[in-house]
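Reading through the structure tokens given below for one structure.
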Amino acid sequence: MEHNPTGAELPLASFYIIIVMFCSKIDYFPQVGNKICLYNTFLALPIKTSGHRGSSDNGKSEERLVLDSAVNMCVLQTVRIMFKDLKLCREGRNVVRYKCVPLNTIKDVMHQRPNWIEVKDDGEWDFNWCDVGWLRENFDHAYMEEHVRINHFRNHYELTRKNLMVKNLKRFQKNLEKDMGRTEASKCDFFPSTFAMPSEYHLFVEEFNRNPGSTWIMKPVAKSQGKGIFLFRKLKDIIDWKKVSYSKLIMKIKVNLIVKTQINCVFAQDRSRSEEQKDAAHLDSYVVQRYIENPYLINGRKFDLRVYVLVTSYVPLKVWLYRDGFARFSSSRFSLSTIDDKYMHLTNVSVQKTAPDYDPEKGCKWQMQQLRRYLTAKYGREVVETLFGEMDNIIIRSLQSVQKVIINDKHCFELYGYDILLDHDLKPWLIEVNASPSHTPSSQEDYEMKYGLLEDTLNVVDMEGRLTGQEKRVGGFDLMWNDGPVYTEDLNLQTFGSLCFTANTHLGCVNDREKNLRQLLKPFPLQKKI
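One rule links them: number in this note's numbering = place in the sequence shown (from 1) + 1093.
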């Protein structure tokens, strides 16, 4: 018999919806597991239409109740909207199981997140905030289901190891000049002259002799927190370093050879090791970089900027920029007459907190909003917008330089800490990119900023499935690149109310993240408020 729906069936569907909405209002379904059962029940909702008959297993005929198109639109669409936030429901899970190695702010964020539970070392997990050591040892051997997320890309070091970052930037700049001309390539002129040591030692000596008296800075490629860094002006200083470094390297090679002999390592296996696994070489690899001798000073002190960038995909490239960040100041007034004073030339918090006059409550930081207000008051809005636009360029160009070499994986995301230095002409210079920026707070204000940063990182990654994927802003993060630049529409009063398009970046602007999250993550009828 042909099915002919009638309008009389709709009140029954509406009745079911009213019951469910009432139950959710009184929190009758407080647990995610109950929501799953309710959702499955709705999919098989027995709403009577016309008499459509079928056969049961025992041969007896019985009336099959089916949903007609009108009721389907009314009921199923309503239910799907109500459950849109529950990716966990669709995957049959009611919690996010997480592992976390760092014992700092990120631990607090995940511990306080609704429906997130920590698992033991040998437990199965859905989300893993690991360190790069765990990644190196376990990533290639771990089986990850569709929904699983981890906080590093497999070969993140292409961007975050100082020598590889410069290598990729130089190659990218060279290709830009070849394909698009010098003007386009000049947009990558944001990193100082840099040479990998010891492989580019002779190239460095040529550059050094062309600029006698210049100040240079030596940095180990795989260390952080200012460890192993020193400044020099004489070639003799680096020759002495070279002798000591080579002696250490030879000793480590000898030790490695003894160990390999004992465990019968095959030379062919050794040749197949990845760049990251050559530990002895990395421990003694440095970059030598031209020191920025004319940094921008505030109250006579040098500072650099820490900017937070979240990449959720490299193919296509999808980049989020956090509104908050900070300026890290040195504790001593700047002078080139003394290059051995680490408290004067290094702005790392790990270095500055060992200074005799360091105040743990006050610290040596300005929030990014404070710095932007200071510069705007001194130079005007247009100059500051140009400066921050150049920092946007640094972020995007540096990520594009590694886009083809980073192993893109849908399970991976990464929160980078960009270190940028301003010179006296307000030109920004990229110093380095950190794969594991410190989340250990130096003050209560710093804790609150980092807590919001990490909470919004989890909001963007969206393990709960509450976002549509079309958002341009999530909390304090603004989507700055989505396989191309992202723009925001502004009303231009100077052109009689016409719309103008500006970059969707707001570094150092007001971060009303909680207001945005209240609007963005409105609870659905069956979702408990977070």
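From the three backbone atoms N, C-alpha and C, an ideal C-beta is built for every residue, glycine too.
(message) Going by DSSP in three states, V1314 sits in which element: helix, strand or coil?
(response) Numbered from 1 along the sequence shown, position 221 holds the residue referred to as residue 1314. Correct three-state label for V1314: coil.
(message) Judging by CA-CA distance, which residue of V1314, R1303, E1607 is the nearest neighbour of L1328?
(response) Indexing the sequence shown from 1 puts residue 1328 at position 235. Per the Cα distances, R1303.
(message) Rounding to the nearest angstrom, what Cα-Cα distance links E1475 and L1464 in this structure?
(response) Taking the sequence shown and counting its residues from 1, the one referred to as residue 1475 is at position 382. Taking the sequence shown and counting its residues from 1, the one referred to as residue 1464 is at position 371. Those two C-alpha atoms are separated by around 15 Å.
(request) Going by DSSP, name the residue or residues bridged to T1595. (result) Indexing the sequence shown from 1 puts residue 1595 at position 502. DSSP, once it has assigned bridges, lists T1581 as partnering T1595.
(request) Pair every Cβ in the segment 1255-1270 with every Cβ in the segment 1227-1238, then say whether three or more of these pairs are closer than 8 Å. (result) When Cβ pairs closer than 8 Å are counted between the two stretches, the segment 1255-1270 is seen not to touch the segment 1227-1238, the count staying below three.
(request) Taking the CB atoms as reference points, tell me whether I1243 and C1505 lie closer together than 8 Å. (result) By 1-based counting over the sequence shown, the position of residue 1243 is 150. By 1-based counting over the sequence shown, the position of residue 1505 is 412. In contact: I1243 and C1505 (Cβ atoms closer than 8 Å).
(request) Please confirm if the segment 1529-1549 is in contact with the segment 1571-1578, defined as three or more CB-CB distances below 8 Å between the two stretches. (result) no
(message) Within a Cβ cutoff of 7 Å, which residues of the same chain sit near H1599, ignoring the five residues on either side of it in sequence?
(response) Residue mapping note: residue 1599 aligns to position 506 of the sequence shown, counting from 1. For H1599, where only same-chain residues beyond five positions count, the Cβ hits under 7 Å are R1416, D1571.
(request) Please work out which residues of its chain come closer than 7 Å, Cβ to Cβ, to S1443, disregarding the five sequence neighbours upstream and downstream, and give them in chain order. (result) As a position in the sequence shown, residue 1443 is number 350, starting the count at 1. So the list reads Q1318, G1319, once near-sequence residues are dropped.
(message) Restricting to Cα atoms, I'd like to know which of K1411, T1431, Q1445 is closest to S1423.
(response) One-based indexing of the sequence shown puts residue 1423 at position 330. That would be Q1445, whose Cα lies nearest to the Cα of S1423.
(request) Determine the closest residue to L1515 out of L1492, D1450, L1468, with distance taken between C-alpha atoms. (result) Counting from 1 along the sequence shown, the entry for residue 1515 is found at position 422. Nearest of L1492, D1450, L1468 to L1515, Cα basis: L1468.
(request) Go ahead and pull the three-state DSSP assignment for L1600. (result) In the sequence shown, counting from the first residue as 1, residue 1600 sits at position 507. Coil.
(request) Rounded to whole angstroms, what's the CA-CA distance from D1224 to K1192? Just pull it up for me. (result) Position 131 of the sequence shown, counting from 1, holds the residue named residue 1224. Position 99 of the sequence shown, counting from 1, holds the residue named residue 1192. Straight-line Cα distance between these residues: approximately 11 Å.
(request) Would you check if there are 3 or more beta carbon pairs closer than 8 Å linking the segment 1396-1416 to the segment 1280-1300? (result) no
(request) Find the nearest neighbour of R1566 within the set Y1544, L1551, N1597, E1538, judged by alpha-carbon distance. (result) The sequence position of residue 1566 within the sequence shown is 473, counting from 1. Of the listed residues, the one whose Cα sits closest to R1566 is N1597.
(request) List the DSSP bridge partners of Q1382. (result) On the sequence shown, residue 1382 is found 289 positions in, with the first residue counted as 1. The partner list for Q1382 (beta bridge, DSSP) reads T1287, I1310.
(request) Could you name the residues of the same chain whose beta carbon sits closer than 8 Å to that of G1393, not counting the 5 residues immediately before and after it, in chain order? (result) On the sequence shown, residue 1393 is found 300 positions in, with the first residue counted as 1. The residues are R1426, F1427.
(message) By the DSSP assignment, the alpha helix (DSSP H) with M1203 in it spans what residues?
(response) What you label residue 1203 is simply residue 110 of the sequence shown in a count that begins at 1. Start and end: 1198-1204.
(message) List, from N- to C-terminal side, the alpha helix (DSSP H) runs of 4 residues or more that fit wholly inside the segment 1242-1297.
(response) For the segment 1242-1297, the continuous alpha helix (DSSP H) assignments of 4+ residues that do not extend past its boundaries occur at 1250-1253, 1255-1273, 1275-1278, in sequence order.
(message) Using DSSP's beta-bridge definition, name the partner residues of K1411.
(response) The sequence position of residue 1411 within the sequence shown is 318, counting from 1. Paired residues: S1406, N1575.
(request) Have a look at M1273, Y1436, L1508 and flag the residue whose alpha-carbon is nearest the alpha-carbon of Y1451. (result) Residue 1451 sits at position 358 when you count from the first residue of the sequence shown. Closest option to Y1451, Cα to Cα, is Y1436.
(request) In the DSSP assignment, find the beta strand (DSSP E) that holds D1512 and state where it starts and stops. (result) Indexing the sequence shown from 1 puts residue 1512 at position 419. Where D1512 is concerned, the enclosing beta strand (DSSP E) stretches over 1507-1515.
(request) Tell me whether the beta-carbon of W1218 lies closer than 8 Å to the beta-carbon of V1194. (result) The sequence position of residue 1218 within the sequence shown is 125, counting from 1. The sequence position of residue 1194 within the sequence shown is 101, counting from 1. No, the Cβ-Cβ distance between W1218 and V1194 is not below 8 Å.
(request) My understanding is that I1322 touches L1429, with C-beta atoms under 8 Å, so please give their C-beta distance in whole angstroms. (result) Here residue 1322 corresponds to residue number 229 of the sequence shown, with the count starting at 1. Here residue 1429 corresponds to residue number 336 of the sequence shown, with the count starting at 1. In fact, because the Cβ distance is near 16 Å, the residues do not count as touching under 8 Å.
(request) Could you name the residues that DSSP lists as bridge partners for W1222? (result) Locating residue 1222 in the sequence shown gives position 129, where the first residue counts as 1. DSSP, once it has assigned bridges, lists C1193 as partnering W1222.
(request) Starting from Q1460, trace the beta strand (DSSP E) both ways and give me its first and last residue. (result) Position 367 of the sequence shown, counted from the first residue, corresponds to residue 1460. 1458-1460 is the extent of the beta strand (DSSP E) around Q1460.
(message) By the three-class DSSP mapping on this structure, what secondary structure does R1502 have?
(response) The residue given as residue 1502 occupies position 409 in the sequence shown. The sequence shown places Asp at residue 1502, rather than the Arg named in the question. Coil at D1502, not helix or strand.
(request) Classify K1267 as buried or exposed, calling it buried when 16 or more other Cβ atoms lie within 10 Å of its own Cβ. (result) For the purposes of this step, residue 1267 is identified with residue 174 of the sequence shown, where counting begins at 1. Exposed, by the Cβ-count rule.
(message) I'd like the span of the alpha helix (DSSP H) that includes N1486, first residue to last.
(response) Residue numbering aside, residue 1486 sits at position 393 when the sequence shown is read from its first letter. Segment 1474-1495, the alpha helix (DSSP H) holding N1486.
(message) Can you confirm whether the segment 1485-1494 touches the segment 1521-1529 when touching is taken to mean that 3 or more C-beta pairs between the two stretches lie within less than 8 Å?
(response) Contact between the segment 1521-1529 and the segment 1485-1494 is present, because at least three Cβ pairs lie under 8 Å.
(message) For Y1407 and I1499, which I take to be in contact (beta-carbon distance under 8 Å), what is that distance rounded to the nearest angstrom?
(response) On the sequence shown, position 314 is the one that residue 1407 refers to. On the sequence shown, position 406 is the one that residue 1499 refers to. Beta-carbon to beta-carbon, Y1407 and I1499 are separated by about 5 Å, close enough to satisfy the 8 Å threshold.
(message) Any contact between the segment 1603-1614 and the segment 1543-1555? By contact I mean 3 or more CB pairs, one from each, below 8 Å.
(response) yes
(request) For F1325, count neighbouring C-beta atoms within 10 Å of its own C-beta (all shown protein chains included) and say buried if the count is 16 or more, exposed if not. (result) Taking the first residue of the sequence shown as 1, we reach residue 1325 at position 232. The residue in question, F1325, is buried, as its Cβ has 16 or more Cβ neighbours within 10 Å.
(request) Using DSSP bridges, identify the partner residues of E1564. (result) Working through the sequence shown from its first residue, we reach residue 1564 at position 471. Answer is none; E1564 lacks a bridge partner.
(request) Using three-state DSSP, classify K1128 as helix, strand or coil. (result) Stepping through the sequence shown from its first residue, residue 1128 is reached at position 35. At K1128 the pLDDT is 42, less than 50, meaning the model places this residue with poor confidence and gives no usable figure here.
(message) Do K1316 and V1380 count as a contact pair if the criterion is CB distance below 8 Å?
(response) Here residue 1380 is taken as the residue at index 287 of the sequence shown, counted from 1. Here residue 1316 is taken as the residue at index 223 of the sequence shown, counted from 1. No. Outside cutoff.
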